[in-house]
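With the first letter of the sequence shown counted as 1, position 66 gets the number 76 in this note's numbering; the numbers rise by one all the way through.
Backbone N, C-alpha and C define an ideal beta-carbon position, used for all residues, glycine too.
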Amino acid sequence: MNADTIVEYIAAILMVTGGVMSVVSAIGLIRLPDVYTRSHAATKSSTLAVLLSLLGAFLYFWAVERFIGVRLLLGIIFVFLTAPVAGHVIIRAAHRSGVKLADISKGDELEEARDKLRQEKESRSEG
């Protein structure tokens, strides 16, 4: 077994792991109770799934065809940078528009922090 075969196996393992993470992400979207946890499942695990799949494809093309795919590298960087930010913005917009947490949630720490900031702002404006 030479180095190319080992890299092919590693690439295959990465791609299969990416597929499994995609299934986990889909299950999370179906089973989780509210928009906040669903968005977490959609952004975190699907980002990992896409990154693993693209990395596996990059390694495969590098090992088999001696081709360094700049598009694959750019795709990895783009997904790594944009998916978590998009998830954060969607969750923040949901929170600001008043979407309620699930009943099983312990507390809303962001709302508590926003209330504290409002109180501090009001006390500064009064004084």
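Judged by beta-carbon spacing, residue 93 lies within the 8 Å limit of residue 53, meaning their Cβ atoms are closer than that value. Out of 13, 43, 124, 39, the CA that lies nearest to the CA of residue 51 is found in 39. Two segments are said to touch when three or more pairs of C-beta atoms, one from each, lie closer than 8 Å; by this definition the region 112 to 128 does not touch the region 55 to 70.
Contact between the region 66 to 73 and the region 18 to 29 is present, with at least three C-beta pairs closer than 8 Å. For residue 125, the enclosing alpha helix (DSSP H) covers residues 119 to 136. The Cβ atoms of residue 66 and residue 97 lie no closer than 8 Å to each other. The beta carbon of residue 23 sits closer than 8 Å to those of 66, all from its chain and outside the five residues before and after it, given in chain order.
Within its own chain, the residues whose Cβ lies closer than 7 Å to the Cβ of residue 55, once the five positions on either side in sequence are excluded, are 31, 34, 35, 38, listed in chain order.
Secondary structure at residue 76: coil, using DSSP grouped into helix, strand and coil.
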